[in-house]
Structure formats: C-alpha cells, structure tokens
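Student: Following this message is one structure expressed as structure tokens.
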Amino acid sequence: MNFSADYHMTIGGRAIAGEATIDVINPATGRPFARAADCSKAALDSAVSSAQEAFRSWRCRPIEERQALVAKAGDLLLAHADELARLFTREQGRPVDLAKTEIVRGAGWMKALAQMSPPVHVAEDSDTQFIETRYVPLGVVCAIAPWNAPVSLAMWKIAPALVAGNTMVLKPSPFTPLCTLKIGELFREVFPPGVLNVVSGGDGLGPMMTSHPGFAKISFTGSSATGKRVMMSAANDLKRVSLELGGNDAAIVLPDVDLDAVAPKIFFGAFYNSAQICVATKRLYVHEDVYDGLRDRLAAIAAATRVGDGSEQGTTLGPIQNKRQFERVTALLDDARARGLTLIQGAAVPDNGGYFVPVTIVDNPPEDARVVREEAFGPILPMMKFTDIDDVIARANASEYGLGGAVWSNDVETALSIARRIETGTVWVNQNLNLRPDTPFAGHKQSGFGVENGLEGLLEYMAPQAVYVAR
C-alpha cells in the first residue's frame, strides 16, 4: 500500500476520489504536502445510502461475527502502524514514536471493545409471562473525529458502533484526513461494503452531515462551541447525540508531595502532544509551601525539552497542529504579556513558518486572566498558589467545563476525599492521562454528554427494547 499518495474516500467498499480536493498542511512547515478529497453532497448521499443498505444485513449478523471482524481490523491497524505513524507525523505534527503509540493504542482499543457484548435483563420469567430488555442497534452513525488524536479517537467510535450492529460514515478533521482515509482503505479488506464509509472534506462537510436525515446518531469529538452547533443541527430529526467536548482541567498539588517524583509526571500530563489533549492539565493549583520548588522544576524540564519537527530525531514536542489554533494560542500569550503576567518559557522553537509555540508556564496569574479562564489547547500552563483546601476546590470547580482533573498527594485518602469533590467525569489521583477501553469516559457541564468506552459507551450506540411475552 502506498501511504504517501492517492488519498481516496471509502464509500460502499470502493475508492472514491471526489470531484474537488482540500490541501493538507504539514504543521511543522506551514506548507501543503498532500491533497484529500472534498466530499460533495452527492458523494455524502451515496455514503449514507450505502451505509443504510449495509445496515440491513450487518445488524442481523451474529454479534460474535461482528466482534471478530472489529478485532481483525485492530490487528490490521497494528500491522501497518509504522507506515501510518510516518504519515501521522506529517499531517498532525507529533513525533513519530508518539504517533506510533497512538496507532498501537487505537488498535488495542479495537480489540478490547470487540470483546464487549450488551446485556439482556430479564424482569420476569413466570408461568404467566416473560419480560426481557435487550439492546438493539440504532442505524447509520455519523462519526466526526478531531485533529488532535485523529486515529485513536476514530477507533473509539468505530469499534463500539460496529460491534453494536450499526453502520457508519466517518469524517476526519479537514486538518488531519490522511491517516483516516488510509485506514478506511485498509478496512475495506475486513468489513462488508457500506459498513464503514470514510469521507473527507472542508468546513462545510460537518454541517452537511449533522443535518443529513439519513443518520440515526451523531458521535462528535471537538470543541464545545462546535458541539453546540452539532446539537442544534441534530434537533430537526431528533438524532441521538454523543458529544465529547472541551475541558479546562485543574490539577491540585498538596504540600506533602515528592517534588522530584511528581514534576516530570505533571509536566507531561500538561504538555504531552503540545498540550493538545482534552484532558491535559490546563490549570495547576499548587500549595504555597511547594509552589516555588515545583515551578522551578517544571521550568527546568521545559528548558530541556526540544520542540520541533516531529520527523526529526530528538524532538519531544511537535507544533500546534493548524494555523487557526496556532493563532488562538499566540493570542492568549499576547494577552498575558499585555496584562503584565510573568511568563516562564522553555527552549527556543524553530522559526521556519511552522506552527511552533514554546512551552510556557504562567507564574501565579489571577483567576480572571484569559490564560486561566479559557482552554488554551496549546503549551501554556498557568500555575496558581493556594493555601486552603475548600478554597482551591471551589476554584477548580469554577469552570464551565467538567472533563478531567487530578490530585497529587502522598496521602491517598486525603487526595481521594478531594478528588470526589471535583466536578468532572474523570479524576486521577497521583497520575494523569490514563484512560482505558473498559472504563467510561464522559464530560460534565459544557464538556459534553454521552459516554465513550466501557459498556456504557457501547450502549450509547444502542436502544433498549422491552419484549413482553404472555404465556
């Protein structure tokens, strides 16, 4: 398979080039290096029709067969991880070894979710009647994946939807379409035509999909602002919606921590993937007794961390993935400078037209600063001092978001008591960024609703059906 050219959509099991194209930019250079199809309304209609046709037979296939094919797709993804990783780096920016890590994890997610089956609940089994509740597939799923983790988050949608008996039309971000298009090509070897369709396109394709009457459900991962528009678009047809949206995740560091042990973990929990992770630590609250020590350790790590082209050896953090986000992140830095905030920045970054931003720690800004209130989704970490536990919990919870959070302490029971008061769907104690396919992942507040992963995530792609039998 050629992983560097011929990026076709997959519709009805066939390669479709598309009548128009979009440029794909390498964020390390700011220049286009490939083109992807720009899906037309007619091509989308064809993809939905193919998925509807395939649904009639796919839903009737025994779940064990669907599970086996999803697991086989995971094996195929794993077999091509090296080729896909190099392509991933060119379109997404992340260093190659970390790109491969995402692809391997995506394959593991497919295999793990392929082992899940929906429950059957029996309410009565008597001489007079039998009552059971089972779960049935919804139909055709519209899946929209983001640019920050384009492979793994697509697999989060493909695996449960197909195991449940649905078919799918998947759209990657216009910033990172290539790996997903190649995966669609790979999976033609596994799934019957129409079961998984992959389309690509510019900013107009998403609204065209979410308003399409042929979809039974929308599964969207992206910003909260876009999620609201998705929800409005879905309302006309009462489509089911799952939304995994933004976060402004707070971490709380208590004074009893071992600073040398936790500093590297906190650093990479904040800056991994150049902080382009929805559950990255984006607000760091540190007890005043250890504030200076942690700040200085984080600054030292930042100074030693190389930011650059992910295809080059020795690079730890890559660029911001796209120009739009780069401009948003630099605007936050400009605002912080204009307010006179203290910025501690790491190693110098390339000045070659790529979307590079230095690792930046903002030293004890006020709560009303934009870098505290807004989700940067880039390598900016505000650090704030605290003294009182109740006060810092209130500050951590004073956000419109509720995706993730963390507590760091040598006293696990104390940390747990704090964690249980954090208003988020996921809370870590003495760790971060640890997600599992068998554990539900969900947002509170404006971080979305619905569930991904775990049995709860599988049931998001199904509807309960109660069956009453008189005897």
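Here the working numbering runs 88 ahead of the position in the sequence shown, where the first position is 1. Virtual Cβ for every residue (Gly too), placed ideally from N, Cα, C.
1. Tell me the start and end of each unbroken beta strand (DSSP E) in the segment 193-263 that is at least 3 residues and wholly inside, in chain order.
2. To which residues of the same chain is Val278 closer than 7 Å at the C-beta, ignoring the five residues directly before and after it?
3. Among Ala484, Ala530, Pro528, Gly272, whose alpha-carbon lies nearest the alpha-carbon of Ile510?
4. Identify which residue in Gln155, Ala482, Pro438 has its Cα closest to the Cα of Gly398.
5. Rounding to the nearest angstrom, what Cα-Cα distance links Val184 and Gly310 in this structure?
6. What is the DSSP secondary structure of Glu332, reduced to helix, strand or coil?
7. Buried or exposed, going by whether 16 or more other CB atoms sit within 10 Å of the CB of Tyr443?
8. Between which two residues does the alpha helix (DSSP H) harbouring Ser29 extend?
9. My understanding is that Val239 touches Gly181, with C-beta atoms under 8 Å, so please give their C-beta distance in whole angstroms.
10. Can you tell me the Cα-Cα spacing of Ile232 and Cys127, whole angstroms?
11. Met320: buried (16+ other C-beta within 10 angstroms of its C-beta) or exposed?
12. Using only CA atoms, which one of Arg427, Gly441, Lys533 lies nearest to Gly490?
13. Determine, using beta carbons only, whether Pro343 comes closer than 7 Å to chain E.
14. Among Leu333, Phe355, Trp244, Ser288, which one has its Cα closest to the Cα of Ala468?
15. Helix or strand or just coil, what does DSSP make of Asn90?
16. Report the option in Pro352, Val192, Ala252, Glu190 whose CA atom is closest to the CA atom of Pro206.
17. So, for Phe474: in the same chain, excluding its five sequence neighbours on each side, which residues have a beta-carbon less than 8 Å away from its beta-carbon?
18. Alpha carbon to alpha carbon, how far is Ala202 from Gly538?
19. As a quick exercise: from Arg461, Asn285, Val208, Lys411, pick the residue whose alpha carbon is nearest that of Pro115.
20. To which residues does DSSP link Leu576 through a beta bridge?
21. Excluding the 5 residues flanking Phe529 on each side, which residues of the same chain have their C-beta closer than 8 Å to its C-beta?
22. Report yes if the C-beta distance between Thr221 and Ala554 is below 7 Å; otherwise report no.
23. Per the DSSP calculation, Ser312 is bridged to which residue(s)?
24. Quick one: grab the DSSP three-state call for Asn361.
25. Is Phe355 helix, strand or coil by DSSP?
26. Quick test of your reading: Phe359 and Val460, contact by CB under 8 Å. State the CB separation rounded to the nearest angstrom.
27. In the DSSP assignment, the beta strand (DSSP E) including Lys473 goes from what residue to what residue?
28. When burial is assigned at 16 or more other CB atoms within 10 Å of the CB, is His300 buried or exposed?
Tutor: According to the structure data:
1. The qualifying runs are 209-213, 217-225, 228-232, 255-259.
2. Here the set comprises Leu157, Lys160, Ala161, Leu164.
3. Nearest option by C-alpha distance: Ala484.
4. Minimum Cα distance to Gly398 is reached at Pro438.
5. So the alpha carbons of these two residues sit roughly 23 Å apart.
6. Strand.
7. Burial call: buried.
8. Missing from the structure shown is residue 29; the chain here goes from 89 to 559 and no further.
9. With 8 Å as the limit, Val239 and Gly181 do not qualify as a contact, their Cβ atoms being about 14 Å apart.
10. Ile232 and Cys127 have their alpha carbons spaced roughly 14 Å apart.
11. Classification of Met320: exposed, given that the 10 Å Cβ count is below 16.
12. Taking the Cα of Gly490 as reference, the smallest distance to any Cα among Arg427, Gly441, Lys533 is reached at Lys533.
13. Protein chains in the displayed structure number just one, and chain E is not present.
14. Going by the sequence as given, residue 468 is Ile instead of Ala. Per the Cα distances, Phe355.
15. With a pLDDT of 46 at Asn90, under the threshold of 50, the predicted position of this residue should be treated as unreliable, and no value is reported.
16. Out of Pro352, Val192, Ala252, Glu190, Ala252 has the C-alpha closest to the C-alpha of Pro206.
17. Take Phe474, set aside five residues on each side of it, and the residues of its chain with a beta-carbon closer than 8 Å to its own are Ile340, Tyr373, Val374, His375, Glu376, Val480, Arg483, in chain order.
18. So the two alpha carbons sit approximately 20 Å from each other.
19. Nearest C-alpha to Pro115: Lys411.
20. Residue 576 cannot be examined here, being either before or after the span of the chain that is shown, 89 to 559.
21. For Phe529, where only same-chain residues beyond five positions count, the Cβ hits under 8 Å are Glu332, Gly513, Thr514, Leu523, Val539, Glu540, Asn541, Gly542, Gly545.
22. Cβ distance < 7 Å, so Thr221 and Ala554 count as in contact.
23. According to DSSP, which records beta bridges pairwise, Ser312 is partnered with nothing at all.
24. Note: Asn361 maps to helix in three-state DSSP.
25. The three-state secondary structure of Phe355, taken from DSSP, is helix.
26. In fact, because the Cβ distance is near 17 Å, the residues do not count as touching under 8 Å.
27. 468-474 is the span of the beta strand (DSSP E), which, as asked, contains Lys473.
28. Result: buried.
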